[in-house]
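Q: What follows is a single structure, and I will ask about it in a moment.
Numbering (my numbering), first residue to last: -4 to 68.
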């Protein structure tokens, strides 16, 4: 029983990580397409607020939604 729980947890974590990576790729693509004059993105990660992503460019942080439709400076 414990092995099944461990395997299910591992699969769930893997799926969550895969979905987050795919979301980061979409944000990077949309952010770059909509703001081509911005320097390259260094890091993208989920913020503590649901549905908001943190985008780091150098030492500056921006916040965006999951599709990069809105950017907060």
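Built from N, CA and C at the ideal position, the CB exists for glycine as well. Bear in mind that the values here come from a model prediction, so they are computed numbers and not experimental data.
Could you tell me if residue 20 is buried or exposed, where buried requires 16 or more neighbouring beta carbons within 10 angstroms of its beta carbon?
A: On the chain shown, position 25 is the one that residue 20 refers to. Residue 20 is exposed by the Cβ-count criterion.
Q: Using beta-carbon positions only, say whether residue 36 and residue 63 come within less than 7 Å of one another.
A: Numbered from its first residue, the chain shown carries residue 36 at position 41. Numbered from its first residue, the chain shown carries residue 63 at position 68. No, the pair does not count as a contact, with Cβ atoms beyond the cut-off.
Q: Rounded to the nearest angstrom, what separates residue 33 and residue 45 at their Cα positions?
A: Within the chain shown, residue 33 is the residue found at index 38, counting from 1. Within the chain shown, residue 45 is the residue found at index 50, counting from 1. In a straight line, the C-alpha of residue 33 is about 25 Å away from that of residue 45.
Q: I need the DSSP call for residue 26, collapsed to helix, strand or coil.
A: Start at 1 with the first residue of the chain shown, and residue 26 comes out as number 31. Here residue 26 sits in helix by DSSP.
Q: What separation, rounded to the nearest whole angstrom, lies between the Cα atoms of residue 67 and residue -3?
A: Mapped onto the chain shown, residue 67 falls at position 72. Mapped onto the chain shown, residue -3 falls at position 2. When rounded, the separation of the alpha-carbon atoms in residue 67 and residue -3 is 45 Å.
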